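Participant: Sharing a structure, written as structure tokens. Questions coming.
In my numbering, the protein residues as written are -17 to 421.
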């Protein structure tokens, strides 16, 4: 093992989590705080999302939230928040592009299909600048769909607006990674150097695990660890091996991609769920190993028209979101929303599989889940479907449904969260003050 926390062998290297036994004598590390955003497109079937009353969450959650029942006491549902800057405000059509562009920036995106992009610095990047410096990756950006980074996708808006959440500056979006293998290699297996790629190719050709080449280093490390760290390392390496297996299975089944008129290149529909779950597990592992503390994950691009035949939804997601009151289409939307909530549940479970200071990783990680559109049929940007999961170490008092007055800026939530991460902001986007009642 080297000083940077890698196991090394003849055919590669593997990043390791923080192990207290290897820290200098007397050194103590404060448990890091983490922040993840999980975004879903095209709005929500709000009648099946929103609890009937404010206050303690009911024992039986609304239909869309039922995959999250296990975490009921760790959920904080937020009703009434608005992204005014996702509205037209004189710019005409383009609600999907604006919904994604404003979701974390709370800024009105410039209407352009060219390179003169402008939105705002996204909240995740504000946190990344403050808490990400201590990690190899200040932030990670993931998406379940490949998205065009040029051209027009929505009523005169560049595809960039629909297909990115993170903005390092008002003019610089951060394109997401969509391939679990590439993400894993970048984070854990030596990066993208020619030497690292050659070593990984050798491992792949032999159809073995990277861990098979690191046994000697791992065996030498074990006697230096305390009981707790030894168990932590065993669980971590087991998770790495299982994730390698899943990613290899995905690669074996991978097929072609189709280009849609909406401007994205989706993976094979039948591989969407396992690929999404693999992304979630890689992200959870990255957080556990302290490779990053800030991440965004678009489950699908805003305006996505992906179909979900496994859910008996043969029409595209965007198409059925404009249901016009049709009960069959509303049922399709609810099934898609339920499926997406199941992906969030998979991520929360992956976080809980890792511990830090005797607590599940979820305790130190606040996960913001939701959409920049409420009702997809009307493109509403008020009363957004938003929830926070986890984050008890940040002082969030969960297990509740909070209602805020209409037109309360969602940016007020970001101001309140910034304070809990030790970041002092006087304002953010179109904020009017800090959101109360979170703790």
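We put the CB at the ideal spot given by N, CA and C, even for glycine.
If you're wondering where the values come from, they're calculated on a predicted model, not measured in any experiment.
From the DSSP output, read off the bridge partner residues of residue 27.
Facilitator: Answer by DSSP bridge pairing: none, since residue 27 is not bridged.
Participant: Could you check whether the region 352 to 361 touches the region 73 to 93, counting it as contact only if at least three pairs of C-beta atoms, one from each stretch, sit closer than 8 Å?
Facilitator: yes
Participant: Just to confirm the assignment, what range does the alpha helix (DSSP H) spanning residue 62 have?
Facilitator: Segment 57 to 64 is the beta strand (DSSP E) holding residue 62; no alpha helix (DSSP H) there.
Participant: With contact counted as at least three CB pairs below 8 Å, one residue from each stretch, are the region 309 to 316 and the region 144 to 158 in contact?
Facilitator: no
Participant: Which residue marks the beginning of the alpha helix (DSSP H) containing residue 48, and which one marks its end?
Facilitator: Here residue 48 belongs to no alpha helix (DSSP H), and DSSP marks it neither H nor E.
Participant: Going along the chain, which residues of its own chain have a beta-carbon closer than 6 Å to the beta-carbon of residue 384, five neighbours each way excluded?
Facilitator: 60, 419
Participant: Once you ignore the five residues that flank residue 144 on each side, which residues in its own chain have a CB closer than 6 Å to its CB?
Facilitator: 78, 79, 82, 135, 136, 283, 284, 285
Participant: According to DSSP, is residue 54 part of a helix, a strand, or is it coil?
Facilitator: It is helical.
Participant: Can you round the beta-carbon distance between residue 430 and residue 402 to whole angstroms, since I take them to be within the 8 Å contact cut?
Facilitator: With the chain covering -17 to 421 only, the question about residue 430 has no answer from this structure.
Participant: When you compare each of 298, 360, 69, 291 to residue 306 by their alpha carbons, which one comes out closest?
Facilitator: 360
Participant: From residue 92 to residue 129, what distance separates their C-alpha atoms?
Facilitator: If you take the alpha carbons of residue 92 and residue 129, they lie about 19 Å apart.
Participant: Confirm the yes/no value for this check: CB of residue 117, any heavy atom of the ligand COA, distance under 7 Å.
Facilitator: The ligand COA is absent from the structure shown, which contains no ligand whatsoever.
Participant: Taking residue 123 as the reference, which of 97, 131, 111, 159 has the closest Cα?
Facilitator: 159
Participant: Examine the Cβ distances between the region 27 to 47 and the region 333 to 344 and report whether three or more of them are shorter than 8 Å.
Facilitator: Judged by pairs of C-beta atoms under 8 Å, the region 27 to 47 does not touch the region 333 to 344, as fewer than three such pairs exist.
Participant: For residue 413, name the three-state secondary structure that DSSP assigns.
Facilitator: Residue 413 sits in coil when the DSSP states are folded into three classes, being neither helix nor strand.
Participant: Run the CB neighbour count on residue 246, radius 10 Å, all protein chains shown included, and call it buried at 16 or more, exposed below.
Facilitator: Only weak support exists for where residue 246 lies, its pLDDT of 34 falling under 50; the value from the coordinates is given anyway. Residue 246 counts as buried, since at least 16 other C-beta atoms from the protein chains shown sit within 10 angstroms of its C-beta.
Participant: With H, G and I counted as helix, E and B as strand and the rest as coil, what does DSSP make of residue 18?
Facilitator: Strand, per DSSP.
Participant: Let's test the definition: count the other Cβ atoms within 10 Å of the Cβ of residue 71 and tell me whether it reaches 16, buried, or not, exposed.
Facilitator: If you draw a 10 Å sphere on the C-beta of residue 71, you find fewer than 16 other C-beta atoms in it, and that means exposed.
Participant: For a test of the three-state rule: what should DSSP assign to residue 408, helix, strand or coil?
Facilitator: coil
Participant: Measuring alpha carbon to alpha carbon, tell me which residue in 301, 395, 30, 222 is nearest residue 289.
Facilitator: The shortest Cα separation from residue 289 among 301, 395, 30, 222 belongs to 301.
Participant: Buried or exposed: where does residue 406 fall if 16 or more other Cβ atoms within 10 Å of its Cβ makes it buried?
Facilitator: Counting of Cβ neighbours within 10 angstroms places residue 406 among the exposed residues, the total staying below 16.
Participant: Cβ atoms of residue 396 and residue 386: under 8 Å apart, would you say?
Facilitator: no
Participant: Which one of 87, 96, 95, 1 has the shortest CA to CA distance from residue 103?
Facilitator: 87
Participant: Rounded to a whole number of angstroms, what is the C-alpha to C-alpha distance between residue 36 and residue 393?
Facilitator: 21 Å
Participant: Residue ranges of each beta strand (DSSP E) run of no fewer than 3 residues wholly in the region 197 to 240, ordered along the chain?
Facilitator: none
Participant: What separation, rounded to the nearest whole angstrom, lies between the Cα atoms of residue 150 and residue 121?
Facilitator: 10 Å
Participant: Note down, in chain order, each residue of its chain lying with its Cβ closer than 6 Å to the Cβ of residue 259, except the 5 sequence neighbours on either side.
Facilitator: 328
Participant: Quick check on residue 139: does DSSP put it in helix, strand or coil?
Facilitator: strand
Participant: Considering only residues of the same chain and omitting the five flanking positions on each side of residue 133, which have a CB-CB separation below 8 Å?
Facilitator: 95, 140, 141, 245
Participant: In the structure shown, what three-state DSSP assignment does residue 343 receive?
Facilitator: Note: residue 343 maps to helix in three-state DSSP.
Participant: In terms of residues, what are the limits of the alpha helix (DSSP H) holding residue 115?
Facilitator: Run containing residue 115: none; DSSP gives neither H nor E here.
Participant: Out of -12, 3, -11, point me to the one whose CA is closest to residue 208's CA.
Facilitator: 3
Participant: Over what stretch of residues does the beta strand (DSSP E) that includes residue 269 continue unbroken?
Facilitator: Residue 269 -> not in any beta strand (DSSP E); alpha helix (DSSP H) instead, spanning 254 to 270.
Participant: What number of angstroms, rounded off, separates the C-alpha of residue 423 from the C-alpha of residue 291?
Facilitator: Because the chain spans -17 through 421 in this model, residue 423 falls outside it and cannot be assessed.
Participant: In this structure, what does DSSP give as the bridge partners for residue 191?
Facilitator: For residue 191, which the question treats as bridged, DSSP gives no partner whatsoever.
Participant: Would DSSP call residue 155 helix, strand or coil?
Facilitator: strand
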